[in-house]
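Numbering (the UniProt record's numbering), first residue to last: 1 to 161.
Step one of this worksheet: look at the structure below.
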Amino acid sequence: MASQQNTTSPTRVFVYGTLKKGFANHQHKMQPERYQNCTLISAHAKTLHSFPLIIAGERHVPYLMDYEGKGHQIQGEVYEVRDEGHLLELDQFEGCDVGHYRRVLIDILIDPTKSTTTEKCYVYMRNKQEGDDELLKQKEMIPCFTEEHNMNYSRASEHVG
Numbered sequence: 001m002a003s004q005q006n007t008t009s010p011t012r013v014f015v016y017g018t019l020k021k022g023f024a025n026h027q028h029k030m031q032p033e034r035y036q037n038c039t040l041i042s043a044h045a046k047t048l049h050s051f052p053l054i055i056a057g058e059r060h061v062p063y064l065m066d067y068e069g070k071g072h073q074i075q076g077e078v079y080e081v082r083d084e085g086h087l088l089e090l091d092q093f094e095g096c097d098v099g100h101y102r103r104v105l106i107d108i109l110i111d112p113t114k115s116t117t118t119e120k121c122y123v124y125m126r127n128k129q130e131g132d133d134e135l136l137k138q139k140e141m142i143p144c145f146t147e148e149h150n151m152n153y154s155r156a157s158e159h160v161g
């Protein structure tokens, strides 16, 4: 369980893959019933700009890649995290400490069905790696990680990447 609240201002985090509600890793890291300092702000958010979201590897991991302008506007959810300890736990879960992902601020449409207002939210982007250009040519870029994708995903014992 996340540590006691020690953040002075809430941090908004955009999730697009297995951390979404009802998906493989949600209950382990984002579930408000388990993490009282984590609140769903919007279940209908999407990125303002296009990015490539691909599914790769034996475990069918969703990767949001840092190539703004390629791919699609990505659909996801926005959570407000009011606990620095929980945020650091998410960083570790996503492998920020070993170079798999990094947490970056991007513009998010919080609820595009109601407003064109954007907010800066953190998102976990896959670090650029050698071979990315080839990977982007080989894999389909998708706008949304779906329930069907989630069914094919294999959770690692200790998730990283």
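Quick reminder that beta carbons are idealized off the backbone N, C-alpha and C, glycines included.
Cutting at 6 Å between CB atoms, please list the residues of its own chain near residue i, excluding the five before and the five after it.
{"i": "Tyr67", "result": "Pro52"}
Starting from residue i, trace the beta strand (DSSP E) both ways and give me its first and last residue.
{"i": "His72", "result": "His72 to Val81"}
{"i": "His60", "result": "From DSSP, His60 is part of no beta strand (DSSP E); its letter is neither H nor E."}
{"i": "Thr11", "result": "Thr11 to Val15"}
Which first and last residues belong to the alpha helix (DSSP H) in which residue i is found?
{"i": "Asp132", "result": "Asp132 to Gln138"}
{"i": "Glu147", "result": "Glu147 to Asn152"}
For residue i and residue j, which I take to be in contact (beta-carbon distance under 8 Å), what is that distance rounded to the nearest angstrom?
{"i": "Glu77", "j": "Ala56", "result": "No, Glu77 and Ala56 are not in contact; Cβ-Cβ is about 22 Å, not under 8 Å."}
{"i": "Leu87", "j": "Val123", "result": "13 Å between Cβ atoms; not a contact."}
{"i": "Pro10", "j": "Val81", "result": "7 Å"}
{"i": "Asn150", "j": "Phe23", "result": "5 Å"}
Under a three-way DSSP split, which group does residue i fall into?
{"i": "Phe93", "result": "helix"}
{"i": "His100", "result": "coil"}
{"i": "Glu84", "result": "helix"}
{"i": "Lys29", "result": "helix"}
{"i": "Glu119", "result": "strand"}
{"i": "Ala43", "result": "strand"}
{"i": "Leu53", "result": "strand"}
{"i": "Cys38", "result": "strand"}
{"i": "Ile142", "result": "coil"}
{"i": "Leu105", "result": "strand"}
Given that a residue counts as buried once 16 or more other Cβ atoms are within 10 Å of its Cβ, and exposed if not, what is residue i?
{"i": "Asp83", "result": "buried"}
{"i": "Met30", "result": "buried"}
{"i": "Ser115", "result": "exposed"}
{"i": "Gly69", "result": "exposed"}
{"i": "Ser154", "result": "exposed"}
{"i": "Leu19", "result": "buried"}
Between which residues of its own chain and residue i is the CB-CB distance below 7 Å, once the five residues before and five after are set aside?
{"i": "Gln129", "result": "none"}
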